[in-house]
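Numbering (our numbering), first residue to last: 208 to 342.
Notes to accompany the following structure.
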């Protein structure tokens, strides 16, 4: 499956991200995935705002997260993200969350590429292809 290069961002877990058990609340990992996805898109030379202004939407149509180890308050996380093609009108945004060498969670979201005007599927922009060509 064609894959873009990997981006990395660091994030220190604030107290607000944790639950009563002192670990990062599970749903916050999807927020971390979104942060990673935004940076991965930006690394390809485009932002969501620019894409939407060009008439393209990328709604999430599927989300998956596998939790391996807990993240805790004040942990310094490394969040790695990249895109993989899922055909001509879908893209998978992959993510790994690590604390040092320890993999804490991994997962993905799948996005449909839609026309803003018609809400119907359209081809993905060429930035998602390793060669930069249209899908």
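Idealized CB from N, CA, C, for every residue including glycine.
Here the structure is a predicted model, which is why all the values come from computation and not from measurement.
Nearest-angstrom Cα separation, counted from residue j out to residue i
i, j, result
"residue 284", "residue 220", "7 Å"
"residue 339", "residue 292", "Reliability of the predicted coordinates at residue 339 is poor, the pLDDT of 48 falling under 50, and no value is obtained from them."
"residue 266", "residue 298", "10 Å"
"residue 333", "residue 308", "33 Å"
"residue 249", "residue 241", "12 Å"
"residue 223", "residue 236", "13 Å"
"residue 277", "residue 311", "6 Å"
"residue 336", "residue 227", "43 Å"
"residue 261", "residue 314", "28 Å"
"residue 253", "residue 300", "15 Å"
"residue 328", "residue 318", "11 Å"
"residue 256", "residue 238", "18 Å"
"residue 268", "residue 326", "13 Å"
Residues near residue i in its chain [Cβ-Cβ closer than 8 Å; skip 5 each side]
i, result
"residue 279", "220, 225, 229, 230 and 231"
"residue 217", "283, 284, 285 and 286"
Residues of its chain near residue i, where Cβ-Cβ distance is below 6 Å and the 5 sequence neighbours each way are ignored
i, result
"residue 243", "286, 288 and 302"
Cβ neighbours of residue i in the same chain (closer than 7 Å, five flanking residues each side left out)
i, result
"residue 259", "323"
"residue 246", "214, 216 and 288"
Mind pulling the beta strand (DSSP E) runs of 3 or more residues that sit fully within the segment 246-311? List check, beta strand (DSSP E) in window: 267-274, 283-292 and 297-306.
If contact is defined by three or more beta carbon pairs under 8 Å, each pair taking one atom from either stretch, is the segment 208-217 in contact with the segment 269-276? Too few Cβ pairs lie closer than 8 Å, so no.
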